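A.B. asks:
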DNA sequence: ATAAGTAAAATGAATGATTGTTTCGCAAAG
DNA sequence: CTTTGCGAAACAATCATTCATTTTACTTAT
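Protein chains in written order, with my numbering: chain Z, -19 to 265; chain F, -19 to 265.
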């Protein structure tokens, strides 16, 4: 019949095994020698096995004791890890994490979920905004870490990914054949000037038909084939699809997805979250 | 501060998490609902964390609860394994293991040690004798498994290794140059007739100067350069060394090291020991 | 929408079991 | 012969379990 080990007794047993004596172990455990003796006895009775060989001065392990020692160490290691994780202040806190709206998908939800699994006592505050705004927050020390979509990289950053900017439109849409080309961009979108310049350089007339600050509005406009938009490749969206223009539209440059971690009091926790970000971007990189 | 989890409470918590309710869990655990409630409360107090979210009818896990669940399952899995290992009759018993004296080294001591580590409640009775005698014991059902050194293999056996028989003598010895060639073999040694025939076929006169039943006597005679002997290659011995005779002595045939496991009541345990034997012979095979 | 009914979890007091401490005896080592 | 360390018995305190009761909130019916 399977019962439950008493971890207190198990810890005493392991201490006795390591120190080679009941009295020494008792001192280290802040218990009396007698108490430890009784714990050992209970352990042996419960398991129905002699764990220790009483050899005059001091004790040695029996073969069964050796086996229990191995398992016991693993069990207590887990026990101690639980206590550290659940009670140590090192594992609690807050982290603010800025992500440009365009690249929230596909990785960020999974990152947050996995991080919360492993650090449930850490509150992650997600700030979804524009790269330039996030960089301002970072410079002002008002945020702990950010992702950016930008050309090149500033000092202190870390490149996670390089991806081309691509033209996207509604499913099977034809808006990209129209002239002037109808564009839908958010006001602060960092891709907007890049897209506009590329079109001007290619001699294509264009018209900004929507300038909204809501991603939803852009999505609605584009999916209705009323305008086209530009996005980083690999940025999934069920509403906007890459356009097969075969060179009819200008190529757009590569952009980086970069990560910056603020140097502050909360840097340590931010670094841990950063590990999860790297993992997610590295996994299919 | 690190304390010790109460595995009884932990098991209750996990059952509650899996069944989604205190009452259902209590029924499965053969406890009252109140008892389980108290255990959960203690667990939460000890860890200083809310583990469950009371959501009206039934309970759900908090994020911290999810984390504890993961660790808890691992801890209890180890706990249960300990109990199985230490109390289940399946893991206790006896096995008799016959090994020809020549191949006790180098593998058997390590096999016995590792096996005893993992199955401390199993008594292994080592029988060290001659292949033919061991095969007799096996046929009579008086032994659970044997290793043999032999030519080919009988039905029901398993080949562990093929190794050539080689001539061995004392360190830097010259006994092998003498004629008649002086030989030292044990009376029942399975290699003796093979060696004698090989010499006769090669037209080399020989003389059996020692016929002892003690390996020590053979070793002493050979290491004193008073005679030579034949052993399986890879059979280590600090006293007897392979002779570089460059064809002056006849080549000896290959021998197998085979294993036979008796079909009997103790077959299951013998099979487990056999696994360790395979591992040892496979590791440098 | 309100109220009654019901299922599940929390609470409280009394009993009972465990665990730890003190004290003592005994065996082995120096 | 003394010292050192382990084990055993008696006692005290803590802690957990049980049973009965209360609180909570979800369902259903009017």
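By construction, the Cβ of each residue, glycine as well, lies at the ideal position given by its N, Cα and C atoms.
These numbers come from a predicted model, not from an experiment.
1. On a Cα-Cα basis, can you pick out the residue from Z:223, Z:198, Z:245 that is closest to residue 151 of chain Z?
2. I believe residue 160 of chain Z touches residue 185 of chain Z by the beta-carbon criterion, under 8 Å. Please report the beta-carbon distance rounded to the nearest angstrom.
3. Could you pull the DSSP bridge partners for residue 203 of chain Z from this structure?
4. Going by C-alpha distance, which of Z:81, Z:155, Z:23 is nearest residue 129 of chain Z?
5. Chain F beta carbons: is any one of them nearer than 9 Å to that of residue 27 of chain Z?
6. State the beta-bridge partners of residue 40 of chain F as determined by DSSP.
7. In the stretch 0 to 80 of chain F, which residue ranges form an unbroken alpha helix (DSSP H) of at least 4 residues, counting only runs that do not cross its ends?
8. Please check if any C-beta of chain Z sits within less than 9 Å of the C-beta of residue 217 of chain F.
9. Identify the residues that DSSP records as bridge partners of residue 238 of chain Z: which are they?
10. Under the assumption that residue 134 of chain Z contacts residue 168 of chain Z (Cβ atoms under 8 Å), give the Cβ distance between them as a whole number of angstroms.
11. So, is residue 203 of chain F buried or exposed, given that buried needs 16 or more other C-beta atoms within 10 angstroms?
12. I want to verify the contact list: residues of chain Z whose CB lies under 7 Å from the CB of residue -5 of chain F, in sequence order.
13. Are the beta-carbon atoms of residue 77 of chain Z and residue 39 of chain Z separated by less than 9 Å?
14. Measuring CA to CA, which of F:149, F:244, F:102, F:59 is closest to residue 200 of chain F?
15. From residue -17 of chain Z to residue 262 of chain F, what distance separates their C-alpha atoms?
16. What whole-angstrom Cβ distance do residue 171 of chain F and residue 145 of chain F have, given they're in contact under 8 Å?
17. Buried or exposed, going by whether 16 or more other CB atoms sit within 10 Å of the CB of residue 173 of chain F?
18. Can you tell me which of the three DSSP states residue 246 of chain F falls into?
19. Does residue 234 of chain F pass the burial test, meaning 16 or more other C-beta atoms within 10 Å, or should it be called exposed?
20. Give me, in chain order, the residues of the same chain whose beta-carbon lies closer than 7 Å to that of residue 212 of chain F; leave out the 5 immediate sequence neighbours on both sides.
21. Considering only the beta carbon of each residue, do residue 48 of chain Z and residue 29 of chain Z sit closer than 9 Å?
22. What are the start and end residues of the beta strand (DSSP E) that includes residue 228 of chain Z?
23. Is residue 206 of chain F near the ligand SAH - that is, is its Cβ less than 8 Å away from at least one heavy atom of it?
24. Three or more beta-carbon pairs under 8 Å between the stretch 86 to 94 of chain F and the stretch -9 to 5 of chain Z, yes or no?
25. Using 10 angstroms around the beta-carbon of residue 33 of chain F, count the other beta-carbons present and answer buried if the total reaches 16, otherwise exposed.
26. Going by C-alpha to C-alpha distance, which of F:239, F:95, F:115 sits closest to residue 141 of chain F?
27. Put residue 173 of chain Z into one of helix, strand or coil per three-state DSSP.
28. Looking at chain F, is there any beta carbon in it that lies within less than 9 Å of the beta carbon of residue -19 of chain Z?
29. So, does the CB of residue 46 of chain Z fall closer than 9 Å to a CB anywhere in chain F?
30. Which residues of chain F have a Cβ atom closer than 7 Å to the Cβ of residue 54 of chain Z, listed in chain order?
31. Excluding the 5 residues flanking residue 126 of chain F on each side, which residues of the same chain have their C-beta closer than 6 Å to its C-beta?
32. On a Cα-Cα basis, can you pick out the residue from F:221, F:75, F:131, F:71 that is closest to residue 242 of chain F?
33. Alpha carbon to alpha carbon, what distance is there between residue 96 of chain F and residue -10 of chain F?
34. Say whether the stretch 250 to 261 of chain Z touches the stretch 52 to 60 of chain Z, bearing in mind that this needs 3 or more beta-carbon pairs closer than 8 Å, one atom from each stretch.
35. State the Cα-Cα distance for the pair residue 98 of chain Z and residue 219 of chain Z, rounded to the nearest angstrom.
36. In whole angstroms, what separates the C-alpha of residue 108 of chain Z from that of residue -8 of chain F?
C.D. replies: Concretely, from the data shown:
1. Z:223
2. 4 Å
3. Residue 203 of chain Z pairs with nothing; no bridge assigned.
4. Z:81
5. yes
6. F:33
7. 2 to 9, 13 to 27, 43 to 67
8. No, its Cβ sits nowhere closer than 9 Å to a Cβ of chain Z.
9. Z:128, Z:139
10. At roughly 18 Å, the Cβ-Cβ gap does not stay under 8 Å, so residue 134 of chain Z and residue 168 of chain Z are not in contact.
11. It counts as buried.
12. Those do not exist, as residue -5 of chain F stays about 12 Å from chain Z at its closest Cβ, beyond 7 Å.
13. Not in contact: residue 77 of chain Z and residue 39 of chain Z (Cβ atoms no closer than 9 Å).
14. F:149
15. 38 Å
16. 6 Å
17. exposed
18. In this structure, residue 246 of chain F counts as coil in the three-state DSSP scheme.
19. Classification of residue 234 of chain F: exposed, given that the 10 Å Cβ count is below 16.
20. 82, 83, 129, 143, 145, 235
21. yes
22. Element bounds for residue 228 of chain Z: n/a, residue is neither H nor E.
23. What this structure holds is no ligand at all, so the ligand SAH is not there to describe.
24. no
25. It counts as exposed.
26. F:239
27. helix
28. yes
29. yes
30. 58
31. Excluding residues within five positions, the ones whose Cβ falls inside 6 Å are 78, 114, 118, 240.
32. F:75
33. 32 Å
34. no
35. 33 Å
36. 41 Å
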